[in-house]
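Remarks on the structure that follows.
Chains as they are written, first to last, in our numbering: chain A, 190 to 669; chain B, 190 to 669.
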């Protein structure tokens with residue numbers, strides 16, 4: 190291995206990266222390739238002999254770039270943002286160089302310990318209740334998962350295990366598999382698809398509860414479901430509440446749901462994948478009120494906090510709940526400190542054994558932006574969303590489909606679902622901006638998310654201009 | 190976001206990375222920090238105001254490096270190798286810059302399509318049966334998971350779903366949860382801990398079968414277990430066979446197990462996490478004979494094929510089996526091509542929704558090394574393992590504990606388990622080389638893995654010298 194080559198090639202790549210990101214606006218934000226386009230552009234097999242870096246980089250432009258949806262273009266308004274920043278990339282370069290696998294404390298103590306402390310830093314930024322922090326002696330603590338999907342699944346599995354143990358404490362002969370057939374978990378009709386999948390994976394019944402007119406899950410709804418299920422001989426054990434739903438950034442009422450979960454011994458997991466980042470701003474922190482009732486809480490710094498994917502932060506009130514769900518201990522992973530109570534072996538906290546050194550990029554991001562810089566980023570994007578909302582409100586042909594709380598604006602043309610479906614098709618076909626739709630209470634709705642960190646007021650106006658013109662075009666053609 | 194800053198800082202980081210990797214031998218391979226060391230070296234909270242890059246980098250040396258287990262030191266012989274290479278790091282830098290999230294084809298077509306083609310390239314390198322390749326029209330195909338743990342779990346969940354559907358075809362009223370209570374999966378006593386965990390997560394009974402004197406799971410053992418379980422009213426549905434076990438790099442007899450699985454309709458998943466990379470060399474490919482019987486196959490290019498973590502390659506014969514296990518389809522993820530049959534939406538192939546652009550680093554590695562370069566890397570490391578074996582065999586105080594097939598040597602001092610435990614403690618306390626032990630049929634055994642790509646013959650001799658001297662010291666002190 191000639192690492193010296195990296196000194197030259199790495200710097201050439203740095204230049205390519207900066208050039209790409211600085212000129213990203215000149216590329217169509219959404220590609221025009223057809224399915225299967227790539228296979229025919231490259232050989233059928235890997236080469237026998239090495240290719241040069243120049244050859245590969247030529248193919249990056251020829252083969253890869255034409256098929257990229259440019260998530261960091263300021264014209265990208267689809268899905269939710271994903272983080273990309275100078276400190277994030279720097280931290281991850283270092284992580285790749287060290288390239289340790291942090292499954293246990295001993296496998297690289299710094300990898301484990303920096304993760305624990307970064308989760309404490311981040312928890313403090315969010316003003317999480319102290320029970321969720323590892324501190325030096327706490328029962329709780331944080332861990333990085335890859336995605337919110339994984340965090341939800343891990344929460345559900347921990348809750349499943351806890352409930353099974355609780356029941357077996359009274360009736361030791363009752364087998365886990367038989368108990369599982371009686372378990373029931375709850376989500377709302379606005380929860381992310383991964384919550385339903387967590388139920389499938391964990392092999393338990395997941396009941397989808399109706400949200401209210403504000404797309405919020407309310408306490409009364411949960412209470413009624415729990416009573417019905419208990420009466421039917423089932424055992425409620427888990428709720429996934431959402432702060433900032435994917436479709437419309439709606440908020441479940443955790444202040445109502447929490448006390449019910451606590452008194453019914455139902456594990457409350459909070460999924461704030463997107464919205465969580467905003468809670469570092471005091472003005473948005475009230476949205477998190479009620480987290481004190483939760484057993485686990487998760488959000489994705491890789492979404493809105495300028496940390497590159499993957500980085501999904503999860504906290505639990507009792508880490509023994511998580512660890513108990515997974516613990517299997519072969520000799521080749523044992524080490525002298527493992528039973529000391531002093532260390533964390535993160536392999537017991539999630540599904541994968543191998544773990545990348547992800548907290549490095551968090552550390553770089555937190556320090557090089559400072560809390561102030563991160564807050565400014567959030568505030569700027571929320572303001573841009575409100576700016577877009579303001580433009581929309583001036584045009585009577587449009588309506589806002591749900592409250593604009595953070596960086597997402599859900600809207601539609603007053604008219605049929607077909608009309609709105611046609612509108613987004615034309616928007617995306619133009620490839621000048623990119624958006625995705627959602628379905629809110631049987632209405633086809635357009636989602637406008639402020640995504641790239643480089644999005645400015647002028648991009649909001651540009652997008653609005655395109656949307657307005659296409660709407661006019663459609664209405665002129667007689668669609669309604 | 191001022192990306193221009195990356196032009197300067199990125200290049201400084203490149204220099205730091207090269208300097209680190211080139212001088213890595215001068216650092217103690219295993220750190221001497223005590224649990225909790227890191228927390229006291231940094232502030233309790235994130236800074237309000239931004240810190241400079243220089244300040245952060247100063248702390249990398251002060252805070253992080255003292256706590257690193259240096260996996261890429263040529264003196265690192267613990268666990269198994271993990272990939273780190275110039276092309277791997279370059280590809281990942283580009284992936285961070287593009288920073289797209291590849292959950293669906295539309296979310297970034299290149300991200301999905303390059304992954305499919307890279308898995309085909311890699312499958313061809315391994316000479317996998319054509320059914321596992323996506324080709325242009327095949328029923329099978331490959332996908333990247335984060336870790337082998339995840340691949341095993343995904344295989345088990347797909348098998349579970351397939352068996353449930355099969356049973357419900359005959360008895361539609363039988364509920365999935367009730368069927369699950371009857372399902373039984375198999376692993377060997379040498380399988381990785383993640384296989385047992387997959388059973389815990391999937392909520393099914395996992396039966397651990399005894400391996401033979403060569404630590405290999407044999408057909409007769411499986412056959413007997415299946416018959417017993419069927420007689421007891423259970424439903425066998427899944428086997429995880431291992432090629433290259435973690436403890437000793439032993440190989441299950443997939444040529445015996447495969448036909449039994451096929452005739453009993455038991456899903457055979459093969460976990461070749463470490464050994465799989467070697468199958469690109471024709472001389473090691475016979476170890477994979479029998480893969481034609483498998484339903485799914487997995488190995489980790491991030492272990493031994495010079496691709497940086499994470500990159501775990503998984504192939505299935507029928508992709509519809511995988512997709513069926515997870516599919517949930519909200520509108521915000523729908524796109525125009527999704528039901529065309531022409532595209533792949535990888536979100537249906539695994540647990541996370543979000544997915545990093547990981548195939549880029551594979552593409553860089555395959556092209557910049559060429560198949561020839563990758564084969565040379567494998568052969569060199571196997572030869573180094575045999576060199577170490579040769580040294581051991583000359584010293585009558587030691588015995589080899591299992592056949593040396595690839596890059597791992599399992600050995601022990603002839604004597605008690607305590608003696609060997611003491612030996613590895615002293616080895617690791619010296620921090621000049623690093624190893625971990627394993628337990629083989631109640632014997633405490635030392636594992637010597639050839640790990641870093643920069644490990645040369647001189648490092649093998651250096652390690653042997655240390656081990657020999659510490660053995661002499663122990664025996665002189667009267668241990669036996």
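Ideal placement from N, C-alpha and C gives every residue a C-beta, glycine not left out.
**Report entry** Cβ-based neighbour list, residue 346 of chain A, same chain, cut-off 8 Å, excluding 5 preceding and 5 following
**Finding:** Residue numbering aside, residue 346 of chain A sits at position 157 when the first chain is read from its first letter. Here the set comprises 391, 514, 515.
**Report entry** Chain-ordered chain B contacts of residue 321 of chain A [CB-CB under 7 Å]
**Finding:** Position 132 of the first chain, counted from the start, is the residue given in the question as residue 321 of chain A. Residues of chain B whose Cβ lies closer than 7 Å to the Cβ of residue 321 of chain A do not exist; the shortest such Cβ separation is about 15 Å.
Query - Rounded separation between residue 524 of chain B and residue 610 of chain A - CA only - result: As a first step, residue 524 of chain B is located in the second chain; it is residue number 335 there, counting from the start. As a first step, residue 610 of chain A is located in the first chain; it is residue number 421 there, counting from the start. About 12 Å.
Report task. Would you please verify whether the beta carbon of residue 375 of chain B is less than 8 Å from any beta carbon of chain A? Result -> Position 186 of the second chain holds residue 375 of chain B. Among the residues facing chain A, residue 375 of chain B is not included, as its CB has no counterpart in that chain under 8 Å away.
Query - According to DSSP, residues forming a beta bridge with residue 638 of chain B - result: Taking the second chain and counting its residues from 1, one reaches residue 638 of chain B at position 449. For residue 638 of chain B, the pairing in a beta bridge is given by DSSP as B/597.
Query - residue 373 of chain B, enclosing beta strand (DSSP E) - first and last residue - result: Position 184 of the second chain holds residue 373 of chain B. Its beta strand (DSSP E) spans residues 372 to 377.
Query raised in the report: residue 483 of chain A: buried (16+ other C-beta within 10 angstroms of its C-beta) or exposed?
Result: To locate residue 483 of chain A, count along the first chain from 1; it is residue 294. The residue is buried, with at least 16 neighbouring Cβ atoms inside 10 Å.
Query raised in the report: To the nearest angstrom, how far is it from the Cα of residue 561 of chain B to the Cα of residue 387 of chain A?
Result: By one-based count along the second chain, residue 561 of chain B stands at place 372. By one-based count along the first chain, residue 387 of chain A stands at place 198. Between residue 561 of chain B and residue 387 of chain A, the C-alpha separation is close to 42 Å.
Query raised in the report: Which residues bound the alpha helix (DSSP H) around residue 202 of chain B?
Result: For the purposes of this step, residue 202 of chain B is identified with residue 13 of the second chain, where counting begins at 1. Its alpha helix (DSSP H) spans residues 193 to 211.
Query raised in the report: Any beta-carbon of chain B closer than 8 Å to the one on residue 628 of chain A?
Result: Reading the first chain from its first residue, position 439 is the one you call residue 628 of chain A. With 8 Å as the cut-off, residue 628 of chain A counts as an interface residue toward chain B.
Requested in this report: Identify, in the order they occur along the chain, each residue of the same chain with its Cβ nearer than 7 Å to the Cβ of residue 234 of chain B, setting aside the five sequence neighbours on each side.
Outcome: As a first step, residue 234 of chain B is located in the second chain; it is residue number 45 there, counting from the start. Counting only residues of its own chain and dropping the five nearest sequence neighbours on each side, residue 234 of chain B has no CB closer than 7 Å to any other CB.
Query raised in the report: Nearest chain B C-beta to residue 296 of chain A closer than 8 Å, yes or no?
Result: Taking the first residue of the first chain as 1, we reach residue 296 of chain A at position 107. It does; some Cβ of chain B falls within 8 Å.
Requested in this report: Measure from the alpha carbon of residue 469 of chain A to the alpha carbon of each residue in B/585, B/438, B/237, then state which is nearest.
Outcome: Against the first chain, residue 469 of chain A aligns to sequence position 280. The option with the nearest alpha carbon to residue 469 of chain A is B/237.
Query raised in the report: Going by Cα to Cα distance, which pick from A/598, A/586, A/320 is closest to residue 576 of chain A?
Result: Numbered from its first residue, the first chain carries residue 576 of chain A at position 387. Measuring from the Cα of residue 576 of chain A, the nearest candidate turns out to be A/598.
Report task. Closer than 9 Å by beta-carbon distance: list the chain B residues that pair up with residue 691 of chain A, in chain order. Result -> Within the shown structure, residues of chain A are numbered from 190 to 669, placing residue 691 of chain A beyond reach of any answer.
Query raised in the report: Hey, quick one: how far does the beta strand (DSSP E) through residue 458 of chain B stretch, first residue to last?
Result: For the purposes of this step, residue 458 of chain B is taken as residue 269 along the second chain, with counting starting at 1. Segment 456 to 460, the beta strand (DSSP E) holding residue 458 of chain B.
Query raised in the report: For residue 578 of chain A versus residue 567 of chain A, is the C-beta distance shorter than 8 Å?
Result: Locating residue 578 of chain A in the first chain gives position 389, counting from the first residue. Locating residue 567 of chain A in the first chain gives position 378, counting from the first residue. Not a contact, by the Cβ cut-off of 8 Å.
Query raised in the report: With C-beta atoms as the reference, is residue 311 of chain A less than 8 Å away from residue 502 of chain A?
Result: Position 122 of the first chain, counted from the start, is the residue given in the question as residue 311 of chain A. Position 313 of the first chain, counted from the start, is the residue given in the question as residue 502 of chain A. In this structure, residue 311 of chain A lies near residue 502 of chain A, with their beta-carbon atoms less than 8 Å apart.
Query - Whole-angstrom C-beta distance between residue 563 of chain A and residue 495 of chain A, which should lie under 8 Å - result: Taking the first residue of the first chain as 1, we reach residue 495 of chain A at position 306. Taking the first residue of the first chain as 1, we reach residue 563 of chain A at position 374. Contact between residue 495 of chain A and residue 563 of chain A holds, since their C-beta atoms are separated by about 7 Å, short of 8 Å.
Query raised in the report: Under 8 Å between the Cβ atoms of residue 526 of chain A and residue 266 of chain A?
Result: Position 337 of the first chain, counted from the start, is the residue given in the question as residue 526 of chain A. Position 77 of the first chain, counted from the start, is the residue given in the question as residue 266 of chain A. Inclusion of residue 526 of chain A and residue 266 of chain A in the CB contact set at 8 Å is not warranted, their separation being larger than that value.
Query raised in the report: If we cut at 8 Å on Cβ distances, does residue 401 of chain B have a partner in chain C?
Result: Absence of chain C from the displayed structure is noted, the protein chains being A and B.
Query - Alpha carbon of residue 260 of chain B to alpha carbon of residue 641 of chain B, nearest angstrom - result: Residue 260 of chain B sits at position 71 when you count from the first residue of the second chain. Residue 641 of chain B sits at position 452 when you count from the first residue of the second chain. About 7 Å.
Query - The beta strand (DSSP E) enclosing residue 736 of chain A, as first and last residue numbers - result: Past the edges of chain A, shown from 190 to 669, lies residue 736 of chain A, and the structure says nothing about it.
Requested in this report: Return no unless some Cβ of chain A is closer than 8 Å to the Cβ of residue 310 of chain B.
Outcome: Translated into positions along the second chain, residue 310 of chain B becomes position 121. Judged by the 8 Å Cβ criterion, residue 310 of chain B is in contact with chain A.
Requested in this report: Note down, in chain order, every chain B residue with its Cβ under 9 Å from the Cβ of residue 281 of chain A.
Outcome: Locating residue 281 of chain A in the first chain gives position 92, counting from the first residue. Chain B residues near residue 281 of chain A: 281, 282, 285.
Query raised in the report: Can at least three beta-carbon pairs, one atom from the segment 272 to 283 of chain A and one from the segment 279 to 287 of chain B, be found at a separation below 8 Å?
Result: As far as the Cβ criterion goes, the segment 272 to 283 of chain A touches the segment 279 to 287 of chain B, which means the pair count is three or higher.
Requested in this report: Leaving out five residues on either side along the sequence, give the residues of the same chain with a beta carbon under 7 Å from the beta carbon of residue 314 of chain B.
Outcome: The residue given as residue 314 of chain B occupies position 125 in the second chain. Around residue 314 of chain B: 469, 560.
**Report entry** Backbone CA spacing between residue 548 of chain B and residue 662 of chain B [nearest angstrom]
**Finding:** Translated into the one-based positions of the second chain, residue 548 of chain B becomes position 359. Translated into the one-based positions of the second chain, residue 662 of chain B becomes position 473. Put simply, the backbone Cα of residue 548 of chain B is about 49 Å away from that of residue 662 of chain B.
Report task. Give me whichever residues DSSP pairs with residue 429 of chain B in a beta bridge. Result -> Here residue 429 of chain B refers to the residue found at position 240 when the second chain is read from its first residue. Paired residue(s): B/458.
Query - Residues in the segment 199 to 218 of chain B having any Cβ partner in chain A nearer than 7 Å - result: Within the segment 199 to 218 of chain B, the residues whose Cβ lies closer than 7 Å to some Cβ of chain A are 199, 200, 202, 203, 204, 206, 207, 209, 210, 211, listed in chain order.
**Report entry** Beta-carbon proximity list for residue 343 of chain B, same chain, < 6 Å, skipping 5 on both sides
**Finding:** On the second chain, position 154 is the one that residue 343 of chain B refers to. Around residue 343 of chain B: 539.
Query raised in the report: Can you check whether the CB of residue 279 of chain B is closer than 8 Å to the CB of residue 251 of chain A?
Result: Numbered from 1 along the first chain, position 62 holds the residue referred to as residue 251 of chain A. Numbered from 1 along the second chain, position 90 holds the residue referred to as residue 279 of chain B. For residue 251 of chain A and residue 279 of chain B, no; Cβs fall outside 8 Å.
Query raised in the report: If you draw a straight line from the C-alpha of residue 433 of chain B to the C-alpha of residue 595 of chain B, how long is it?
Result: As a first step, residue 433 of chain B is located in the second chain; it is residue number 244 there, counting from the start. As a first step, residue 595 of chain B is located in the second chain; it is residue number 406 there, counting from the start. Rounded to the nearest angstrom, the two C-alpha atoms are 9 Å apart.
Query - residue 485 of chain B to residue 295 of chain B span [Cα, whole Å] - result: As a position in the second chain, residue 485 of chain B is number 296, starting the count at 1. As a position in the second chain, residue 295 of chain B is number 106, starting the count at 1. Roughly 26 Å separates the two Cα atoms.
Report task. Compare the beta carbon distance of residue 633 of chain A and residue 606 of chain A with 8 Å and say whether it is the shorter of the two. Result -> Walking along the first chain from the start, residue 633 of chain A turns up at place 444. Walking along the first chain from the start, residue 606 of chain A turns up at place 417. Cβ atoms of residue 633 of chain A and residue 606 of chain A: closer than 8 Å.
Requested in this report: Tell me whether residue 583 of chain B sits in a helix, a strand or coil according to DSSP, three-state version.
Outcome: Sequence index remark: in the second chain, residue 583 of chain B carries index 394 (1-based). In the structure shown, residue 583 of chain B sits in coil (DSSP, three-state: anything other than H, G, I, E or B).
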